[in-house]
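S.K.: Starting off with a structure, shown below.
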Amino acid sequence: MTAISRFSINLGGRLFSLAPPQVMGILNCTPDSFFADSRSCDEADIALRARKIVDEGGTIIDVGACSTRPDSEPVDEAEERRRLRRALTIIRNECPDTPLSIDTFRPDVARMCVEEYGAAIINDVGQTATHSPRSDAERQAMFSMAARLRVPYVLTSSHATMETMLTSMARDIAELHALGVGDVIADPGFGFGKTLEQNHLILAQLEELHLLNVPLLIGISRKSMFTRLLNITAAEALNATTVGHTLTLMKGAHILRVHDVKEAVEAVKITGVIQSYTMCEE
Numbered sequence: 324m325t326a327i328s329r330f331s332i333n334l335g336g337r338l339f340s341l342a343p344p345q346v347m348g349i350l351n352c353t354p355d356s357f358f359a360d361s362r363s364c365d366e367a368d369i370a371l372r373a374r375k376i377v378d379e380g381g382t383i384i385d386v387g388a389c390s391t392r393p394d395s396e397p398v399d400e401a402e403e404r405r406r407l408r409r410a411l412t413i414i415r416n417e418c419p420d421t422p423l424s425i426d427t428f429r430p431d432v433a434r435m436c437v438e439e440y441g442a443a444i445i446n447d448v449g450q451t452a453t454h455s456p457r458s459d460a461e462r463q464a465m466f467s468m469a470a471r472l473r474v475p476y477v478l479t480s481s482h483a484t485m486e487t488m489l490t491s492m493a494r495d496i497a498e499l500h501a502l503g504v505g506d507v508i509a510d511p512g513f514g515f516g517k518t519l520e521q522n523h524l525i526l527a528q529l530e531e532l533h534l535l536n537v538p539l540l541i542g543i544s545r546k547s548m549f550t551r552l553l554n555i556t557a558a559e560a561l562n563a564t565t566v567g568h569t570l571t572l573m574k575g576a577h578i579l580r581v582h583d584v585k586e587a588v589e590a591v592k593i594t595g596v597i598q599s600y601t602m603c604e605e
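Just so you know, we're using my numbering here: the sequence shown kicks off at 324 and counts up by one.
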């Protein structure tokens, strides 16, 4: 069992501890995200979902308005902005003290959310968005925006092997720090640019990402790495997801990005207790 490195990140001027690991609840204000039960499109659904995340123990809400599911076509920037403005207004009213993460690949959308709604984290999906390969200029624009906004930045990888992932992410983390981004969070990008077997191998090797010396965010909730393996649907994948979350926590995950908050919080609590006994014995 891996000992968890202790990190804190700066969210809006206050230190936010990632020990114990935190649960980030997904709120998709889209009509086409891959897991239908995660879609919150009207005002009542958005408010209900936000409250449920917090009531079940989620400490961060990750808000997305442009699906990156396989074969999806992204909405244009104006529509993404419209969806986010509506959702963020509701979420801020319902959960004013809960840190918000913004799931986007557009720098100016990230800026709007941070400057106008106090979003605390940029969860950059540009490396995994299915619209087209990201150019160096697009990548640099988002890096520069994160530095300008001075908020934590989630760096997501589409690389298919641990070796190439480590090399690429180490380079990008160094560049982000040089630009002035204080807190970088690494996401191995399960489900993006990887075969079924490659996803499973990266999960097995997850401890190696601690060489990056940054917090790890894991997004495996109800993904095809489980549904294809077990020949089930996303709606049937809660048990598989919880098993996956437990494995990643044992390997030192710091943030779980999830659809099912209650179950993830329980996994954090159980693994935390077992890890505490293991550390005492050492």
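Note that beta-carbon positions come from the ideal geometry of N, C-alpha and C, so glycine has one too.
Helix, strand or coil for residue 357 per DSSP?
M.R.: In this predicted model, residue 357 has a pLDDT of only 49, less than 50, meaning its place in the structure is not dependable; the value taken from the coordinates is given anyway. Three-state result, residue 357: coil.
S.K.: If you reduce the DSSP assignment to three classes, tell me which class residue 334 lands in.
M.R.: strand
S.K.: Check residue 432 in the structure and name its three-state DSSP category.
M.R.: If DSSP states are grouped into helix, strand and coil, residue 432 belongs with the helices.
S.K.: Assign residue 463 to buried or exposed, taking buried as 16 or more other Cβ atoms, counted over all protein chains shown, within 10 Å of its Cβ.
M.R.: exposed
S.K.: Suppose you measure from the CA of residue 506 to the CA of residue 578; what does that come to, to the nearest Å?
M.R.: 14 Å
S.K.: From this set, 330, 589 and 410, which residue's C-alpha is nearest residue 425's C-alpha?
M.R.: 410
S.K.: Please state the DSSP three-state secondary structure of residue 565.
M.R.: helix
S.K.: Check this for me: beta carbons of residue 331 and residue 339, under 8 Å apart or not?
M.R.: Yes; because the gap between Cβ atoms is below 8 Å, this pair is in contact.
S.K.: Count the other CB atoms, across all protein chains shown, that sit within 10 Å of the CB of residue 584; report buried if there are 16 or more and exposed otherwise.
M.R.: By the 10 Å Cβ count, residue 584 comes out buried.
S.K.: How far does the alpha helix (DSSP H) with residue 369 in it reach, from first residue to last?
M.R.: Counting along the chain, the alpha helix (DSSP H) containing residue 369 begins and ends at 366-378.
S.K.: Return the CA-CA distance between residue 367 and residue 374, expressed in angstroms with no decimal places.
M.R.: 11 Å
S.K.: Starting from residue 383 and walking both ways along the beta strand (DSSP E), at which residues does that stretch end?
M.R.: For residue 383, the enclosing beta strand (DSSP E) stretches over residues 383-387.
S.K.: Determine the direct distance from the alpha carbon of residue 538 to that of residue 544, and round the result to whole angstroms.
M.R.: Counting only the Cα atoms, residue 538 lies some 18 Å from residue 544.
S.K.: Less than 8 Å between the beta carbons of residue 386 and residue 341, yes or no?
M.R.: no
S.K.: Considering residue 522, what are the terminal residues of the alpha helix (DSSP H) in which it resides?
M.R.: 519-527
S.K.: Taking the straight line between their C-alpha atoms, what separation do you get for residue 406 and residue 600?
M.R.: 46 Å
S.K.: What is the residue span of the beta strand (DSSP E) that residue 426 lies within?
M.R.: 423-427 is the span of the beta strand (DSSP E), which, as asked, contains residue 426.
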